[in-house]
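A.B. asks:
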Amino acid sequence: MLTRVSEALVKPGREQEFVARVLDLVRTFPETYEGLVGHEVLVDLDDPLCVRYVSRWRDEQALENYAGPGWRTDPVTFPDEDEYLQRPLTLRHFRHVS
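Okay, so the sequence shown: first residue is 8 according to my numbering, each after it adds one.
(1) Which residues bound the alpha helix (DSSP H) around residue 22?
(2) Sort 80, 94, 58 by Cα distance to residue 25 and report the nearest one.
(3) Pull up the DSSP beta-bridge partners for residue 3, would you.
(4) Does the distance from the CB of residue 91 to the CB of residue 17 come in under 7 Å?
(5) Just to confirm my understanding: we take residue 70, look at its own chain, exclude 5 residues before and 5 after, and list those with CB closer than 7 Å. What are they?
(6) Using only the alpha-carbon positions, how far apart do residue 55 and residue 27 sit?
(7) Rank 19, 35, 31 by C-alpha distance to the C-alpha of residue 7 and give the top, closest one.
(8) Taking buried to mean at least 16 other C-beta atoms within 10 Å of its own C-beta, is residue 62 buried or exposed?
(9) Which runs of the beta strand (DSSP E), 3 residues or longer, sit entirely within the region 40 to 95?
(10) Does the Cβ of residue 105 have 16 or more other Cβ atoms within 10 Å, making it buried, or fewer, making it exposed?
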């Protein structure tokens, strides 16, 4: 299983609007993307401008089906996302170990 973390640094005053938009956009992901094990939107308690979308994927193929062939380096964005952000999304991936 792989975990993908997309981190946004939101412009001051746009946090609630950005979070609401992300929640609306990802609402249908479980039915849309086979291999999505789970996902959540996280807001940093100490810095509410820092918002993360965390998704867990069955395997690399499932993640590639969602994010495309550049899944390791290319964040998935929505139209006009940059209007909300102070900088481009950062992206990290983690492999689960047992």
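Glycine included, each C-beta is placed from N, C-alpha and C at the ideal position.
C.D. replies: This is what the structure holds:
(1) For the purposes of this step, residue 22 is taken as the residue at position 15 of the sequence shown. First-last of the alpha helix (DSSP H) with residue 22: 22 to 33.
(2) For this step, residue 25 is matched to residue 18 along the sequence shown. Out of 80, 94, 58, 58 has the C-alpha closest to the C-alpha of residue 25.
(3) The question about residue 3 has no answer here: the residues shown for the chain are numbered 8 through 105.
(4) Taking the sequence shown and counting its residues from 1, one reaches residue 91 at position 84. Taking the sequence shown and counting its residues from 1, one reaches residue 17 at position 10. If you check the CB distance, residue 91 and residue 17 come in under 7 Å.
(5) On the sequence shown, position 63 is the one that residue 70 refers to. Excluding sequence neighbours, residue 70 sits near 9, 11, 64, 78.
(6) Reading the sequence shown from its first residue, position 48 is the one you call residue 55. Reading the sequence shown from its first residue, position 20 is the one you call residue 27. Roughly 14 Å between the two C-alpha positions.
(7) Past the edges of the chain, shown from 8 to 105, lies residue 7, and the structure says nothing about it.
(8) Within the sequence shown, the letter at position 55 stands for residue 62. Its Cβ being crowded by 16 or more others within 10 Å, residue 62 is buried.
(9) Here the runs fully enclosed are 43 to 50, 57 to 64.
(10) Counting from 1 along the sequence shown, the entry for residue 105 is found at position 98. In the assembly as shown, residue 105 is an exposed residue. Its beta-carbon has fewer than 16 other beta-carbons within 10 Å.
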